[in-house]
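Right, one structure below, let's go through it.
In our numbering, the protein residues as written are 39 to 130.
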C-alpha cells in the first residue's frame with residue numbers, strides 16, 4: 039500500500055508535532071476541509087481506544103494500537119509517531 043503523504047502531513051500538523059513536543063488538537067492547522075475531515079476520522083478512531091491490561095508500557099501499547107488502525111499502513115512514520123504521542127499523552 040502506498041503512503042498517503044497529504045494525510046500524513048495533515049496528521050502531523052493537526053497534532054502539532056511539527057512545532058511542539060507536546061501533542062494536541064489543532065484542526066485550524068489543516069486548511070483543506072476534506073483533508074481535515076479525514077484527519078478527524080482517524081482521530082475519532084484513536085479516541086475510541088481505551089487502555090487495557092496490555093497498557094503496562096504506555097508507549098508500547100500506544101504504538102501497537104496505532105499500528106492496528108485501519109489507516110496505519112498508509113501513514114508515514116512521522117504521522118504514526120504523532121498519533122502514538124497523542125494517544126499516550128491522553129492516557130498518561
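Built from N, CA and C at the ideal position, the CB exists for glycine as well.
Chain-order list of residues whose beta-carbon lies under 8 Å from that of residue i (same chain, five-residue window excluded)
i: residue 130; result: 96
i: residue 73; result: 44, 45, 48
i: residue 76; result: 45, 48
Start and end residues, alpha helix (DSSP H) containing residue i
i: residue 76; result: 71–85
i: residue 45; result: 43–53
i: residue 103; result: 96–105
i: residue 128; result: 115–129
Close-in-space but distant-in-sequence residues of the same chain around residue i (CB under 6 Å, 5 per side omitted)
i: residue 109; result: 80
CB contact flag (residue i, residue j, <9 Å)
i: residue 68; j: residue 123; result: no
Nearest neighbour of residue i, chosen from the options [CA to CA]
i: residue 36; options: 102, 85, 86; result: Nothing in the structure corresponds to residue 36, since the chain is present only between 39 and 130.
Exposure label - residue i; buried when at least 16 CB within 10 Å
i: residue 120; result: buried
i: residue 118; result: buried
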